[in-house]
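The structure appears right after this line, and notes come after that.
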Amino acid sequence: MQKVMEQFADRIREYYDDPLIPLARQFSFRRPPTMGELRRPPQVLLLGNHSSGKSSFVNHLLGIDVQKTGVAPTDDGFTIITHGSVENDLDGHAVVSNPDLAYEGLRHFGDQLVTHVRMKVRKVPLLRNATLVDSPGMIDEARAENGRGFDFPGVVRWFAERSDLVLVFFDPDKPGTTGETLQVFKESLGGMDHKLLIVLNKMDQFQTLHDFARAYGALCWNLGKVIPRKDLPMIYNTFVPIEGRPRSGLQMDDFEKARADLIDEIRRAPSRRMDNQITQMSGFAERLRLHAFVIDEAALRYRRARERAYGILVLLLIAAGATLFVTGLVMALPGLLVVALAGVAFLEMFSFPRTRTRLIDGFDQIFERHHDNEFLMRERAEDLHALWAEVKPRARKIAEKRGLQSFVRLRHSDRVVLNTLIEEDIPRLRSELYTALQKAAEAEEDPASD
Ligand SMILES: Nc1nc2c(ncn2[C@@H]2O[C@H](COP(=O)(O)OP(=O)(O)O)[C@@H](O)[C@H]2O)c(=O)[nH]1
Ligand SMILES: [Mg+2]
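Just add 758 to the spot in the sequence shown (first one is 1) and you have this note's numbering.
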């Protein structure tokens, strides 16, 4: 498995090295993921209300008491639990200042956050499959915003973007999504539905099916309000087995099965990791293509407008010069030079900047024109518009800042390479990954064939 992952990570890196990064540079597109980000191990983020059972689940999963649990809000930080042969605990400053750990980005959230981060290195084999991030409980009250001293939704987004699975725990007592939970769903988890797994925990607390149905219904209803999608993500109804708890009146088999499925998903984090990396690269490439095509087209029109204007100016000057020459007014030629200079000044100072602004304001039309054919397919049109809405602000900003002349023309061969990458290479890479992972899994199950 490890080998397969490394092999695909290398192939992904090659596509970034050529053609993506050089083209991104040519058109000042956003920064590609760093080596550290590409190399980071699979990661699973646990979110949820305070006391919903995140830490208990982590302890159960790893079979050790790594996290404190309890009703009192004891743990109010982010704990990164990762694999290592030497067990060790690091504080936030040590974590964010070590470039090998890929958590340096957290420093931007300020010291208040850094003091709320720690890392625990443990020898548990499951951690080879995924690093776990346990988080402080979300506070389900409207006034939650001002309590923390750091940008909580921002930090959650940072972790979620770098995670391959995000588990959101709910407590059946509070299946609500108000306050901070609502804020996190809206601000931190937007566009990450594919990574989300919802866990309705503490099934063992229910005495009757009616209690369960009510909590489950309330949860679905509340999620429906914050997840803009017709079908909700998978909901795992389960519980953390803890010795000495009173038995529930309900049959527990299904809830046990749900827990086993959930743990399987966590074990599969490495393949999700690769899949997410391919998705991330595909997203990068598609946005880059849009960004580059639109800017390139505008730059081309700008250059043409300049050429036309100068062409006309030169023609006029030649005509005027010839007239002066023929009519014997050669003395007026220096005057013509002044007129020429004035013409250039007018074009450069008034006319071209206006053309430029007009072209940048017209990015939408260029985009529409460029995708005429695709818009005929309804679904594709929606995707493309959403993509363009994301790309446009930066494309405009870059074009305004750099000016349209400064862009080197997008070569035809680069266009072809980019199109092939998006339409052929990436889908092929993905299907090859599936085959390779399947083979690796089979080989692991059957050690004789190794
Ligand atoms: N009955 C029951 N109690 C649980 C379950 N999971 C956690 N708890 C209890 O809920 C309390 C809070 O758990 P904890 O893991 O600290 O929650 P966290 O704040 O989300 O990390 C603890 O007293 C746990 O023993 C569960 O599945 N069923
Ligand atoms: Mg906890």
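For each residue, glycine too, the CB sits at the ideal point set by N, CA and C.
Per-residue DSSP class, three states only, for K932: Here residue 932 refers to the residue found at position 174 of the sequence shown. Three-state DSSP puts K932 in a strand.
If I measure Cβ to Cβ from V913 and keep anything under 8 Å in the same chain, skipping five residues before and after, which residues do I get? Residue numbering aside, residue 913 sits at position 155 when the sequence shown is read from its first letter. Same-chain partners within the cutoff: F836, L864, F867 and L871.
Check for me: the beta strand (DSSP E) holding G806 runs from which residue to which? Locating residue 806 in the sequence shown gives position 48, where the first residue counts as 1. Note, G806: beta strand (DSSP E), Q801 to G806.
Using a threshold of 7 Å, state whether the C-beta atoms of K878 and D834 are closer than that. If you number the sequence shown from 1, residue 878 lands on position 120. If you number the sequence shown from 1, residue 834 lands on position 76. Result no, Cβ atoms of K878 and D834 do not sit closer than 7 Å.
Does the distance from the C-beta atom of L1071 to that of G1093 stay below 7 Å? What you label residue 1071 is simply residue 313 of the sequence shown in a count that begins at 1. What you label residue 1093 is simply residue 335 of the sequence shown in a count that begins at 1. Taking the C-beta atoms as reference points, G1093 is found no nearer than 7 Å to L1071.
Any idea if H874 is buried or exposed, counting beta-carbon neighbours within 10 angstroms, 16 or more meaning buried? Here the question's residue 874 lines up with position 116 in the sequence shown. The residue is buried, with at least 16 neighbouring Cβ atoms inside 10 Å.
Answer yes or no: the CB of S1006 versus the heavy atoms of ligand 2, is any distance below 6 Å? Here residue 1006 refers to the residue found at position 248 when the sequence shown is read from its first residue. Answer for S1006: no, Cβ out of range of ligand 2.
So, with DSSP's three-state summary, where would you put D823? Taking the sequence shown and counting its residues from 1, the one referred to as residue 823 is at position 65. Three-state DSSP puts D823 in coil, outside helix and strand.
What does DSSP give as the partner residues of R880 in its beta bridges? Position 122 of the sequence shown, counted from the start, is the residue given in the question as residue 880. Partner(s): H841.
On the DSSP bridge list, what partners appear for D776? The count along the sequence shown starts at 1 and reaches residue 776 at position 18. Paired residues: none, contrary to the question.
Whole angstroms are fine: how far does the CA of F943 sit from the CA of V984? Along the sequence shown, read from residue 1 onward, the residue named residue 984 stands at position 226. Along the sequence shown, read from residue 1 onward, the residue named residue 943 stands at position 185. Taken atom to atom, the span from the alpha-carbon of V984 to that of F943 is near 6 Å.
Report yes if the C-beta distance between V957 and L805 is below 7 Å; otherwise report no. Looking up residue 957 in the sequence shown gives position 199. Looking up residue 805 in the sequence shown gives position 47. For V957 and L805, no; Cβs fall outside 7 Å.
For S786, tell me which candidate among M793, T792 and L778 has the shortest Cα-Cα distance. Within the sequence shown, the letter at position 28 stands for residue 786. Here the closest residue by C-alpha is L778.
Is the distance from the Cβ of R1045 to the Cβ of V1175 below 7 Å? Taking the first residue of the sequence shown as position 1, residue 1045 is located at position 287. Taking the first residue of the sequence shown as position 1, residue 1175 is located at position 417. Not closer than 7 Å, so no.
Element boundaries [beta strand (DSSP E), containing T889]: Counting from one through the sequence shown, the residue named residue 889 turns up at place 131. Going by DSSP, T889 is part of the beta strand (DSSP E) stretching over T889 to D892.
With a Cβ-Cβ cutoff of 7 Å, do P1134 and A1098 count as a contact? Along the sequence shown, read from residue 1 onward, the residue named residue 1134 stands at position 376. Along the sequence shown, read from residue 1 onward, the residue named residue 1098 stands at position 340. Correcting the residue identity first, residue 1134 is Leu in this sequence and not Pro. Cβ atoms of L1134 and A1098: not closer than 7 Å.
What is the residue span of the beta strand (DSSP E) that L955 lies within? Residue 955 sits at position 197 when you count from the first residue of the sequence shown. First-last of the beta strand (DSSP E) with L955: L954 to L958.
So is H1049 buried or exposed if we call it buried at 16+ other beta carbons inside 10 Å? Within the sequence shown, residue 1049 is the residue found at index 291, counting from 1. A buried status is given to H1049, since no fewer than 16 other beta-carbon atoms sit within 10 Å of its beta-carbon.
Work out the CA separation of Y994 and A976 for me, nearest whole Å. In the sequence shown, counting from the first residue as 1, residue 976 sits at position 218. In the sequence shown, counting from the first residue as 1, residue 994 sits at position 236. In this structure, the alpha-carbon of A976 lies about 15 Å from that of Y994.
When you compare each of L1105, F910, E1106 and K932 to S893 by their alpha carbons, which one comes out closest? Reading the sequence shown from its first residue, position 135 is the one you call residue 893. Of L1105, F910, E1106 and K932, the residue nearest in Cα terms is F910.
Over what stretch of residues does the alpha helix (DSSP H) that includes I1021 continue unbroken? For the purposes of this step, residue 1021 is taken as residue 263 along the sequence shown, with counting starting at 1. For I1021, the uninterrupted alpha helix (DSSP H) segment begins and ends at D1011 to R1025.
Contacts around P999, its chain only, beta-carbon distance under 6 Å, and the 5 residues preceding and following it disregarded: Taking the sequence shown and counting its residues from 1, the one referred to as residue 999 is at position 241. Excluding sequence neighbours, P999 sits near nothing in its chain.
Between which two residues does the alpha helix (DSSP H) carrying L1195 extend? On the sequence shown, residue 1195 is found 437 positions in, with the first residue counted as 1. DSSP places L1195 in the uninterrupted alpha helix (DSSP H) bounded by I1184 to E1203.
Measuring only the C-alpha atoms, how far is S810 from A1056? Here the question's residue 810 lines up with position 52 in the sequence shown. Here the question's residue 1056 lines up with position 298 in the sequence shown. Distance from the CA of S810 to the CA of A1056, rounded to the nearest whole angstrom, comes to 53 Å.
Roughly how many angstroms lie between the CA atoms of A1198 and D1033, to the nearest whole one? For the purposes of this step, residue 1198 is taken as the residue at position 440 of the sequence shown. For the purposes of this step, residue 1033 is taken as the residue at position 275 of the sequence shown. Answer to the nearest angstrom: the Cα atoms are 15 Å apart.
Looking at ligand 1, does it come within less than 6 Å of S893, judged from the CB to the closest heavy atom? Indexing the sequence shown from 1 puts residue 893 at position 135. Closer than 6 Å to some heavy atom of ligand 1: that does not describe the Cβ of S893.
Going along the chain, which residues of its own chain have a beta-carbon closer than 7 Å to the beta-carbon of R1154, five neighbours each way excluded? One-based indexing of the sequence shown puts residue 1154 at position 396. Counting only Cβ-Cβ distances below 7 Å, and skipping sequence neighbours, we find I1118 and F1121.
Inter-residue Cα distance where the pair is Q765 and M1039: Here residue 765 refers to the residue found at position 7 when the sequence shown is read from its first residue. Here residue 1039 refers to the residue found at position 281 when the sequence shown is read from its first residue. Cα to Cα, Q765 sits roughly 16 Å from M1039.
Within 10 Å of its beta-carbon, does S813 have 16 or more other beta-carbons around it, so buried, or fewer, so exposed? Taking the sequence shown and counting its residues from 1, one reaches residue 813 at position 55. Counting Cβ neighbours within 10 Å, S813 comes out buried, since at least 16 surround it.
For N846, list the residues DSSP reports as bridge partners. Indexing the sequence shown from 1 puts residue 846 at position 88. In the DSSP output, where bridge partners are listed per residue, N846 has V879.
Rounded C-beta distance between A860 and G794? I'm assuming under 8 Å. As a position in the sequence shown, residue 860 is number 102, starting the count at 1. As a position in the sequence shown, residue 794 is number 36, starting the count at 1. Contact between A860 and G794 is confirmed by a C-beta separation of about 4 Å, below the 8 Å threshold.
Using the C-alpha atoms, what's the distance from H841 back to P930? By 1-based counting over the sequence shown, the position of residue 930 is 172. By 1-based counting over the sequence shown, the position of residue 841 is 83. In this structure, the alpha-carbon of P930 lies about 32 Å from that of H841.
How about T966: is its Cβ closer than 6 Å to a heavy atom in ligand 1? Taking the sequence shown and counting its residues from 1, one reaches residue 966 at position 208. T966: no, Cβ never under 6 Å from ligand 1.
Say yes only if the C-beta of S855 is nearer than 6 Å to one or more non-hydrogen atoms of ligand 2, and no if none qualify. Residue numbering aside, residue 855 sits at position 97 when the sequence shown is read from its first letter. Checking the Cβ of S855 against ligand 2 gives no.
Where does M1135 fall in DSSP's three states? As a position in the sequence shown, residue 1135 is number 377, starting the count at 1. DSSP places M1135 in coil when its eight states are reduced to three.
Could you spell out the range, first to last residue, of the alpha helix (DSSP H) harbouring Y974? As a working mapping, residue 974 is identified with position 216 in the sequence shown. Segment L967 to V984, the alpha helix (DSSP H) holding Y974.
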